[in-house]
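Read through the structure below, which is laid out as structure tokens, and then see the notes.
Protein chains: 2
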Amino acid sequence: MTVSRVLRNRGEVSEKTREKVLKAARELGYVPNKIAGALASNRVNLVGVIIPSLSNMVFPEVMMGISSVLDETPLQPVVGVTGYEPEKEERVIFEMLSWRPSGLIVAGLEHTDAARKMMENASVPVVEIMDVDGDAVDACVGISHQRAGRQTATEILKRGYRRIGFLGTKMPLDHRARKRFEGFQSVLTEAGLGLIDQEYYSGGSALAKGREMTEAILNRNDDLDFLYYSNDMIGAGGLLYCLEKGISVPGDVGLAGFNGVELIDGLPRKLATMDSCRGEIGTKAAQMIVAALEKTKEAAPKRIEISPIFAAGDTVR
Amino acid sequence: MTVSRVLRNRGEVSEKTREKVLKAARELGYVPNKIAGALASNRVNLVGVIIPSLSNMVFPEVMMGISSVLDETPLQPVVGVTGYEPEKEERVIFEMLSWRPSGLIVAGLEHTDAARKMMENASVPVVEIMDVDGDAVDACVGISHQRAGRQTATEILKRGYRRIGFLGTKMPLDHRARKRFEGFQSVLTEAGLGLIDQEYYSGGSALAKGREMTEAILNRNDDLDFLYYSNDMIGAGGLLYCLEKGISVPGDVGLAGFNGVELIDGLPRKLATMDSCRGEIGTKAAQMIVAALEKTKEAAPKRIEISPIFAAGDTVR
DNA sequence: CCGCAAACTGTTAGCGCTATCATAGAGACC
DNA sequence: GGTCTCTATGATAGCGCTAACAGTTTGCGG
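Protein chains in written order, with our numbering: chain B, -12 to 304; chain L, -12 to 304.
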């Protein structure tokens, strides 16, 4: 018991025994068994973070936001990856919850019924992130992708572009990309316009794919005056392609992407984009978990919408 | 006990009771407590993966290799991030081990004495990855960065470049980058040459930094004929800068990076590089853990060196 | 030198599971 | 019916720790 007290810095132990214990622990190379500790104390200082992928820099950036907050606390993030598959997500959530974490941060608002039920019953704080267009299990932080799509479309129309093409990923289960697309398209429809053409990819180097898709869509349509890309990487590929081919940007054709990735700063021209505020979403989500665990007051807001702003860069007129 | 048997698919249970149990579990939304299970069975199906950072795509790519193997087993990866700090690494290793994982995969061979001792005493398989230039605690998979640096230098000299500049990160604790640099430089020294100039950065958009650094180093030295970048991102920035300024590549100046990132495929010209084989390192490491746990035979090799090959691309003559 | 509080250290039970062994029931066969 | 085997289920202990409380020592005022 005294050893336990020393190693957890809890309760009163004389300086002499404390040192004796620490010395012995060091000599023996003793590593406490957190499993037993967690079982006995019913406390697990882990926060599950469930994201669709690691290959898209967007998610590591959210992770960094989360870590920066949790580093100040005894909590530790544990990552689970779903590959955008609802069934895999369900399994990952189940696995996570079976370790009885202190909280859960999950990307997106769309889950299987079973997953949703598990989270509701888990009696731990759950924060859904990156999206606010829908119903959260408990709390959520993110941006409205619907609105982001609408806003981009509005900016584009305002600047006089009319013959617009869309380039995106072949991912029906990326709900956030879908919502942006829907928002974008609905503004066009309201303006009596429609998309002239579309182009989709899956897999491979996003930069190279952006290049290829841009070539393909421009070859099919010589009258397009704007290309809206579902993410900055393919947008960057398109930009490089246009510059190479001597297509004047934003004169002949305007370009815009989405996310506000760091990479943009290094391109020959700054791609128009909309920052998806990944870092801020991560920190806010982690803060919400921490606040919920302190549970001093239940007054914490349950839905935080962050408003991204359109950055025109150099690729729209 | 019967419930436990049903949920773990272990031991004989009649079909009738099995169904009864599953039905009840579903209705109650029962999520087993893995903590208790792990304590009782002394089995934890987690593999700790300890890497310096998530913001460098290199590490997520290793993760994907690891996941692809572990997905076929009951094992699950758990990530810990060290931020390139030895003390943080030591803490993360301690935390990991205190959960009694089934195995540990750690990036790099350089650790604090305490961390090394913990891993030696942990009596779980430990695989150090990404580097083989040094002594492993137990097993290791990776490439020799020394050799990679030497090989790149050899290729460059072979192609007639003589006035060489180096551009890298300001990270004394990135031992792999350091070893590449040392290997590179030793070949130059052996050839009676030296680096004409060097340039370092930290933080910010690597692409933008590559651009800035390239501008700076070329402004200082109008006679450089080759730029060796410590990673592809800054190399890509340099390439974009040169193309923009009308500097002929590889005529006036040759360029080479390191890592073989996907991004390269989308650039106007393919940057010379050397693939660091992240995916393969990840899969191999995970396979080694799995093999060690099956422990049928101890004959598994303890040190796997993967040989990356120089890809000349379009930026060396 | 006593009494009493504060400071320290120890005892006990139990967290929710699983390993192990024990028991019950169902057939098979003589 | 008795015995034996096999399958299915149950009882018990214990994993390594911590919460809660009990006991011991120390310090200090009177």
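Glycine residues also receive a C-beta, built at the ideal position from the N, C-alpha and C atoms.
Since this is a predicted model, take the numbers as computed values, not measurements.
With a minimum length of 3 residues, the unbroken runs of beta strand (DSSP E) contained wholly in the region 54 to 133 of chain L fall at 63 to 68, 90 to 94, 113 to 118 and 126 to 130. For the options L:Asp118, L:Ser192, L:Glu281 and L:Gly52, the alpha carbon positioned closest to that of L:Ser89 is the one of L:Glu281. By the CB criterion at 9 angstroms, B:Asp301 and B:Pro237 fall inside the cutoff. In terms of beta-carbon proximity, B:Phe81 lines the interface with chain L, with at least one pair separated by less than 9 angstroms. Taking the beta carbon of L:Asp252 as reference, the chain B residues within 8 angstroms of it are Gly191, Ser192, Leu194 and Ala195, listed in sequence order. As a beta-bridge residue in DSSP terms, L:Met261 pairs with L:Phe297. By the beta-carbon neighbour count (other beta carbons within 10 angstroms, threshold 16), L:Asn218 is buried.
Here DSSP, grouped into helix, strand and coil, assigns B:Tyr188 to strand. When CB distances to chain L are screened at a threshold of 9 angstroms, the residues of the region 47 to 62 of chain B falling below it are Pro47, Glu48, Met50, Met51 and Ser54, in chain order.
The residues Val303 and Arg304, in chain order, have a CB closer than 6 angstroms to that of B:Arg146 in the same chain once the five nearest residues on each side in sequence are set aside. Taking a Cβ-Cβ threshold of 8 angstroms, the residues of chain B close to L:Lys104 are Gly16, in chain order.
Of the other Cβ atoms in all chains shown, 16 or more fall within 10 Å of the Cβ of L:Asn246; this residue is therefore buried. Nearest to L:Gly269 by alpha-carbon distance, out of L:Phe168, L:Val8 and L:Val114, is L:Val114.
Sequence-ordered contacts of the region 93 to 125 of chain B with chain L read Lys104, Met105, Asn108 and Ala109 [C-beta pairs closer than 8 angstroms]. Distance from the CA of L:Thr176 to the CA of L:Ile143, rounded to the nearest whole angstrom, comes to 14 angstroms. A distance below 6 angstroms between beta-carbons, with the five flanking residues on each side excluded, links B:Met275 to the following residues of its chain, in chain order: Val114 and Ala126. With three or more CB-CB distances shorter than 8 angstroms, the region 121 to 135 of chain L counts as touching the region 286 to 297 of chain L. Residues of the region 241 to 268 of chain L whose Cβ lies closer than 8 angstroms to any Cβ of chain B, in chain order: Glu249, Leu250, Ile251, Asp252, Gly253, Leu254 and Pro255. Burial check for B:Lys21: the Cβ neighbour count within 10 Å reaches 16 or more, so the residue is buried.
With a cutoff of 9 angstroms on beta-carbon distance, B:Val79 and B:Gly67 are scored as near each other. Secondary structure note for B:Ala23: it is in no beta strand (DSSP E), and the uninterrupted alpha helix (DSSP H) holding it is Lys21 to Ser28.
Taking 9 angstroms as the cut-off, the beta carbon of L:Tyr71 is found closer than this to the beta carbon of L:Met158. Rounded to the nearest whole angstrom, the C-alpha separation of L:Met44 and L:Arg163 is 15 angstroms.
Rounded to whole angstroms, the gap between the alpha carbons of L:Leu258 and L:Ser235 is 14 angstroms. Spatial neighbours of L:Arg149 in its own chain (CB-CB distance under 7 angstroms, excluding positions within 5 residues in sequence) are listed in chain order as Leu180 and Asp212.
At a cut-off of 9 angstroms between beta carbons, L:Ser85 contacts chain B. Taking all protein chains in view, the Cβ of B:Met(-12) is surrounded by fewer than 16 other Cβ atoms within 10 Å, so the residue is classified as exposed. Note that the region 187 to 199 of chain B touches the region 223 to 232 of chain B; at least 3 beta-carbon pairs, one per stretch, sit closer than 8 angstroms. L:Leu250 places its beta carbon less than 9 angstroms from that of B:Ser192. Assignment of beta-bridge partners to B:Leu214 by DSSP yields B:Gly152 and B:Leu242. Sequence-distant Cβ neighbours of L:Ala287 in its own chain, meaning closer than 8 angstroms and more than five residues away, are Ala126, Met275, Ala278 and Ala279. In terms of beta-carbon proximity, B:Lys157 stays away from the interface with chain L, with every pair separated by 9 angstroms or more. B:Ala25 has a beta carbon lying within less than 9 angstroms of a beta carbon in chain L. L:Ser54 is not a Cβ neighbour of B:Met51, given a cutoff of 9 angstroms. Under the Cβ criterion of 9 angstroms, L:Gly147 is not counted among the residues facing chain B. Sequence-distant partners of B:Lys166 (beyond 5 residues in either direction) whose C-beta falls short of 6 angstroms from its own C-beta, in its chain, are Asp120, His132 and Gln133.
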